[in-house]
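Heads up: the sequence shown begins at 1 in UniProt numbering, then just goes up one per residue. Step one of this worksheet: look at the structure below.
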Amino acid sequence: MGESPPARAAPGAGAGCGPALTREDPREAARGRPGAAAPSLRLLLRRFGPARGGVTAVEFALIAPVLLLLFSATVDVPRAFSTGRRLAHGASTMADLISRNDFQSLDEVYAAAQAVATPFDVGDARIVLTSAGVYRVRDAYVAKVCSSAAQKDVPRKVSATIGPAPMGMRLSGARFVMAEVRMRYHAIFRYVPVLNGWDFSYTTVWPVREGKSVNGRDEVVLPGGQPCPAEEPA
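Listed below in structure tokens is the structure:
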């Protein structure tokens, strides 16, 4: 038989009658003794139901990711749209510049795109500039590449078909230039994949404003290229 827990005097016992003895609760004794047995699982579960400690920490852990996502969106979404808009303006600026005259070097044209996009960095943009001519093929007007140049991309192949002639230029012998810009947006908060994988792509078509007269038409020849042939290239 195991030993019974020590008896203790009841509070308020009279001095003349001697201390009244009461038996100590085993669970209370176990809490006070080092090395005592841990509370049972049932007791722990009973305590867990009404427990309120740590509720604030749990709520914060659930809400914090949502708050971080909202904060990232308020920063990156407006920045992405502004970058795209500036990139579109850059494409228009380059098309306007090359439509006016021939260039020995296109460095200033490429730099103009970055100047228009400031304060956003578009140094990673892939740019393709094309000078094209319109030819009548059967019953349709088709645009074909006459000369092309690129930065961080591959220029269009000479004599390759671009597609149907743009509206307003469906006339055999018409000449125009085209600026194409592509860039992947890099978010500030890159841990959100949705905000970090946007691809911008803009194409601006511009009629030739000035240039050298070739075969009776004013046209622009990009560096390293040749004028558009008078007849449809093979």
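Idealized CB from N, CA, C, for every residue including glycine. From a predicted model like this one, the values you see are computed outputs, not experimental measurements.
**OP:** Would you mind reading off the limits of the beta strand (DSSP E) that contains F81?
**Re:** One-based indexing of the sequence shown puts residue 81 at position 81. Here F81 belongs to no beta strand (DSSP E); instead the alpha helix (DSSP H) covers 55-98.
**OP:** State buried or exposed for E219, treating a residue as buried only when at least 16 other CB atoms are found within 10 Å of its CB.
**Re:** Translated into positions along the sequence shown, residue 219 becomes position 219. Per the 10 Å Cβ criterion, buried.
Original post:
Can the beta-carbon of G173 be found closer than 8 Å to that of A143?
Top reply: Here residue 173 corresponds to residue number 173 of the sequence shown, with the count starting at 1. Here residue 143 corresponds to residue number 143 of the sequence shown, with the count starting at 1. Cβ atoms of G173 and A143: not closer than 8 Å.
Original post:
Counting only beta-carbon atoms, is Q151 nearer than 8 Å to chain C?
Top reply: You won't find chain C in this structure, because it holds only one protein chain.
**OP:** Hey, could you find the ends of the beta strand (DSSP E) E219 is sitting in?
**Re:** Taking the first residue of the sequence shown as position 1, residue 219 is located at position 219. E219 -> beta strand (DSSP E) spans 217-219.
Original post:
Going along the chain, which residues of its own chain have a beta-carbon closer than 6 Å to the beta-carbon of T203, five neighbours each way excluded?
Top reply: Here residue 203 refers to the residue found at position 203 of the sequence shown. Closer than 6 Å at the Cβ level, and outside the excluded window around T203, lie E180.
**OP:** Give the straight-line distance between the Cα atoms of R138 and L171, rounded to the nearest whole angstrom.
**Re:** Within the sequence shown, the letter at position 138 stands for residue 138. Within the sequence shown, the letter at position 171 stands for residue 171. So the two alpha carbons sit approximately 13 Å from each other.
Original post:
Are the stretch 150-158 and the stretch 125-134 in contact at 8 Å, needing three or more beta carbon pairs?
Top reply: yes
**OP:** Compute the distance between the beta-carbons of R209 and S99, then report whether it is under 8 Å.
**Re:** As a position in the sequence shown, residue 209 is number 209, starting the count at 1. As a position in the sequence shown, residue 99 is number 99, starting the count at 1. Cβ distance < 8 Å, so R209 and S99 count as in contact.
Original post:
Do you know how far the Cα of A113 is from the Cα of T93?
Top reply: By one-based count along the sequence shown, residue 93 stands at place 93. By one-based count along the sequence shown, residue 113 stands at place 113. Taking the straight line from one Cα to the other gives about 7 Å.
**OP:** Name, in chain order, the residues that DSSP records as bridge partners for G133.
**Re:** In the sequence shown, residue 133 corresponds to position 133, counting from 1. Answer by DSSP bridge pairing, in chain order: K144, R175.
Subject >> Buried or exposed (CB count within 10 angstroms, at least 16 for buried), M178 >> reply: Looking up residue 178 in the sequence shown gives position 178. Classification of M178: buried, given that the 10 Å Cβ count is 16 or more.
Subject >> DSSP-derived helix/strand/coil call for D102 >> reply: For the purposes of this step, residue 102 is identified with residue 102 of the sequence shown, where counting begins at 1. Three-state result, D102: coil.
Original post:
With burial defined as no fewer than 16 other Cβ atoms inside 10 Å of the residue's Cβ, what is the status of P227: buried or exposed?
Top reply: Locating residue 227 in the sequence shown gives position 227, where the first residue counts as 1. Buried is the call here.
Original post:
Run through DSSP, which three-state label would A230 get?
Top reply: In the sequence shown, counting from the first residue as 1, residue 230 sits at position 230. In this structure, DSSP gives A230 a state outside helix and strand, which the three-state scheme calls coil.
Original post:
How would you write the range of the alpha helix (DSSP H) that D107 sits in, first residue to last?
Top reply: To locate residue 107, count along the sequence shown from 1; it is residue 107. Per DSSP, D107 belongs to the alpha helix (DSSP H) from 107-117.
Original post:
Exposed or buried, what is V145 when buried is set at 16 or more other beta-carbons lying within 10 Å of its beta-carbon?
Top reply: Residue mapping note: residue 145 aligns to position 145 of the sequence shown, counting from 1. Around the Cβ of V145, a 10 Å sphere holds 16 or more other Cβ atoms; the residue is buried.
Subject >> Nearest to H89 (by Cα), restricted to the options R182, F71, V58, S105 >> reply: Indexing the sequence shown from 1 puts residue 89 at position 89. Of R182, F71, V58, S105, the residue nearest in Cα terms is R182.
Original post:
In angstroms, rounded to a whole number, what distance separates the CA positions of L67 and Y110?
Top reply: Walking along the sequence shown from the start, residue 67 turns up at place 67. Walking along the sequence shown from the start, residue 110 turns up at place 110. C-alpha separation (whole angstroms): 40 Å.
**OP:** Whole angstroms is fine: what's the gap from A36's alpha carbon to L44's?
**Re:** Residue numbering aside, residue 36 sits at position 36 when the sequence shown is read from its first letter. Residue numbering aside, residue 44 sits at position 44 when the sequence shown is read from its first letter. Caution is warranted here: a pLDDT of 49 is assigned to A36, below 50, making its placement in the model unreliable, and the coordinate value is therefore given only provisionally. Their backbone Cα atoms lie some 16 Å apart in a straight line.
Subject >> Close-in-space but distant-in-sequence residues of the same chain around T118 (CB under 7 Å, 5 per side omitted) >> reply: For the purposes of this step, residue 118 is taken as residue 118 along the sequence shown, with counting starting at 1. Counting only Cβ-Cβ distances below 7 Å, and skipping sequence neighbours, we find nothing.
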